[in-house]
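Chemist: Quick note, the sequence shown lines up with residues 24 to 377 if you use the working numbering. Just dropping this structure here.
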Amino acid sequence: MTPQTPDNEWIRQKLDTLTDYADELYNIHPDATNEIGPWAALKLFHLIVTVDLYTRIIHSTDGIEKKLYFDVLAGSGIVELENQDVNIYGSPIIAAVFPEYPFDELHFFEGQKERATALSDRLDYIADETPLDINRDSCYVHHGDANHTVPETIGNIIQESGYSGKNQLTFADHERMEIHWETMIALSRIWGDYLINFQYKGISRELGYLKSDNASEERTETAHRKLHRFVGGKQYRDCNSVDELRDLYKQQLATIGEEYDKPNNNRPVNKQIRVTGAGDRYSYDLIYATRETGNGSPYIQFMDNMRNRIERMSGDNVADIIDIMEGNATGLDEFIPDESEVKRDEDQSSLGDF
Ligand SMILES: C[S@@+](CC[C@H](N)C(=O)[O-])C[C@H]1O[C@@H](n2cnc3c(N)ncnc32)[C@H](O)[C@@H]1O
24 MTPQTPDNEW IRQKLDTLTD YADELYNIHP DATNEIGPWA ALKLFHLIVT VDLYTRIIHS
84 TDGIEKKLYF DVLAGSGIVE LENQDVNIYG SPIIAAVFPE YPFDELHFFE GQKERATALS
144 DRLDYIADET PLDINRDSCY VHHGDANHTV PETIGNIIQE SGYSGKNQLT FADHERMEIH
204 WETMIALSRI WGDYLINFQY KGISRELGYL KSDNASEERT ETAHRKLHRF VGGKQYRDCN
264 SVDELRDLYK QQLATIGEEY DKPNNNRPVN KQIRVTGAGD RYSYDLIYAT RETGNGSPYI
324 QFMDNMRNRI ERMSGDNVAD IIDIMEGNAT GLDEFIPDES EVKRDEDQSS LGDF
């Protein structure tokens with residue numbers, strides 16, 4: 024097993040722990056959680072594999088001494104699965120306790136005071152009261168509007184220790200379009216990759232206001248302002264559909280950071296996975312943006328394999344997703360290809376297992 028290959032057994036063991044202390048952590052602040060449907064839970068499964076893979080690769084990359092994680096819409100640390108009576112760890116806890124090669128610094132940004140406090144207290148509890156591996160001192164919870172706190176934090180990090188020797192993974196788990204493009208640019212000051220939850224349905228509603236005869240002038244203005252901030256300019260006006268807007272967003276990602284470190288700090292390679300659930304009432308794209316490496320990007324192979332599996336799932340598979348999130352090995356096997364599907368190229372870092 025090279026460090027650049029995701030370790031199925033490691034992930035399987037970790038998934039087994041995904042709910043272990045979730046009820047205890049829930050009980051610390053039962054009123055401060057994030058609630059999602061089972062389809063949304065797939066993003067967290069995706070995050071588990073992404074952080075595993077990212078940290079493995081960066082760990083073995085020469086010249087990078089510090090791996091940073093930025094969870095720019097962090098939540099409270101605990102997610103309730105709607106109508107399922109199941110609590111699971113949210114993205115900050117996944118990133119803090121799952122990687123075999125842990126992040127050196129994790130920055131969690133949350134706008135709601137109760138959620139930020141709950142997250143802090145839950146991290147303390149994990150460190151003091153559970154056997155889960157966590158370096159509490161490397162976790163920072165920033166309360167406030169991420170569009171202010173993220174640029175400020177990045178500025179402080181760079182001022183303290185410069186740009187070099189660092190790499191970052193950002194997770195932007197939008198409910199709509201909360202993170203402004205200016206904030207994404209601030210993040211790009213440190214080299215790294217992005218996993219973005221692009222809320223297809225929510226954005227579609229905002230775009231709808233621009234064309235609707237029934238929307239109030241005020242509502243239309245709000246939609247304009249949100250879209251403008253989200254994509255970082257007026258180009259959204261030329262988009263006639265969400266697909267076009269997503270392409271524009273991906274184009275923006277492809278050139279992000281150019282002004283800081285031409286031409287390598289952009290992220291020309293981006294892939295997306297469409298997750299659609301609840302009879303098409305709900306859908307989002309997970310976009311992973313990265314830079315191609317010498318012999319092909321392992322992330323891209325990973326995304327391709329995940330896409331094949333996620334996009335062929337139907338509403339009937341919701342139970343499988345919950346199984347996966349609860350660490351049920353049978354559910355996880357749905358994501359592991361048959362022997363015949365796995366084409367290993369030993370010379371290249373491969374993500375064939377996923
Ligand atoms: C989809 S939830 C995140 C869930 C989280 N990733 C998890 O796995 O538990 C989005 C979170 O972002 C927070 N939020 C929304 N707008 C924000 C802003 N401008 N700044 C900081 N946090 C914000 C919300 O309060 C919410 O907790």
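Even for Gly, the Cβ is constructed at its ideal location relative to N, Cα and C.
#1: Identify, in the order they occur along the chain, each residue of the same chain with its Cβ nearer than 8 Å to the Cβ of P286, setting aside the five sequence neighbours on each side.
#2: Per DSSP, D196 is paired with what?
#3: Consult DSSP for Q191 and reduce its assignment to one of helix, strand or coil.
#4: Distance, Cα to Cα, L41 vs S114?
#5: Decide if the region 52-66 is in contact with the region 127-139; the criterion is three or more beta carbon pairs, one per stretch, under 8 Å apart.
#6: Could you please give the first and the last residue of the uninterrupted alpha helix (DSSP H) stretch that includes D46?
#7: Would you call T78 buried or exposed, if buried means 16 or more other Cβ atoms sit within 10 Å of its Cβ?
#8: Please list, in chain order, all residues of the same chain as R242 whose beta carbon is under 8 Å from its beta carbon, the five residues on each side excluded.
#9: With DSSP collapsed to three states, give me the class of Q164.
#10: A97: beta carbon under 7 Å from a heavy atom of ligand 1?
#11: Shorter than 7 Å, the distance from the beta carbon of Q222 to the closest heavy atom of ligand 1, or not?
#12: Can you tell me the Cβ-Cβ gap for T84 and L218, rounded? I've got them flagged as a contact below 8 Å.
#13: My guess is that L96 and F68 are in contact by the Cβ rule of under 8 Å, so how many angstroms apart are they, rounded?
#14: Nearest-angstrom Cα distance between A118 and D236?
#15: What residue range does the alpha helix (DSSP H) around K273 cover?
#16: Between the C-alpha atoms of I149 and D156, what's the straight-line distance to the nearest angstrom?
#17: Let me make sure I understand the geometry here. Which of S99, G215, I202, H247 has the alpha-carbon closest to that of N293?
#18: Measuring straight from C-alpha to C-alpha, what distance separates K249 and P154?
#19: S239 lies in the beta strand (DSSP E); which residues open and close that run?
#20: Given that a residue counts as buried once 16 or more other Cβ atoms are within 10 Å of its Cβ, and exposed if not, what is Q182?
#21: Here's a check: name, in chain order, each residue in its chain whose Cβ is nearer than 6 Å to the Cβ of G225, leaving out the five neighbours to either side.
#22: Should E58 be labelled buried (16 or more other beta-carbon atoms within 10 Å of its own) or exposed?
#23: Among all the DSSP beta bridges, which residues are the ones paired with D75?
#24: Kindly indicate which residue of D196, L271, E152, E128 has the alpha-carbon position closest to the one of V164.
#25: Within 8 Å of any Cβ in chain D, is that where the Cβ of S211 sits?
Modeler: Considering the structure as presented:
#1: Reliability fails at P286, whose pLDDT of 47 lies under 50, so the model's placement of it is uncertain and no value is given.
#2: Note: D196 sits in a beta bridge opposite N220.
#3: Of the three classes helix, strand and coil, the one that applies to Q191 here is strand, per DSSP.
#4: Rounded to whole angstroms, L41 to S114 spans 11 Å at the Cα level.
#5: The answer is yes - the region 127-139 touches the region 52-66, with three or more Cβ pairs under 8 Å.
#6: Its alpha helix (DSSP H) spans residues 45-51.
#7: Counting Cβ neighbours within 10 Å, T78 comes out buried, since at least 16 surround it.
#8: The answer, listed in chain order, is Y232.
#9: Residue identity check: residue 164 is Val in the sequence provided, not Gln. Three-state DSSP puts V164 in a strand.
#10: The answer is yes for A97.
#11: No, ligand 1 has no heavy atom inside 7 Å of this Cβ.
#12: That belief does not hold up - the Cβ atoms of T84 and L218 are roughly 18 Å apart, past 8 Å.
#13: With a Cβ gap of about 18 Å, L96 and F68 do not count as contacting.
#14: The straight-line gap from Cα to Cα measures roughly 44 Å.
#15: 265-277 is the extent of the alpha helix (DSSP H) around K273.
#16: Using only the alpha carbons, I get a separation of about 8 Å.
#17: If we check each option's Cα against that of N293, G215 comes out closest.
#18: Between K249 and P154, the alpha-carbon positions lie close to 43 Å from each other.
#19: The continuous stretches of beta strand (DSSP E) do not include S239, and DSSP gives it neither H nor E.
#20: Exposed, by the Cβ-count rule.
#21: R199, listed in sequence order.
#22: Burial call: exposed.
#23: Paired residue(s): none; D75 is not in a bridge.
#24: For V164, the closest C-alpha among the options D196, L271, E152, E128 is that of E128.
#25: Absent from the structure is chain D; it holds one protein chain and no more.
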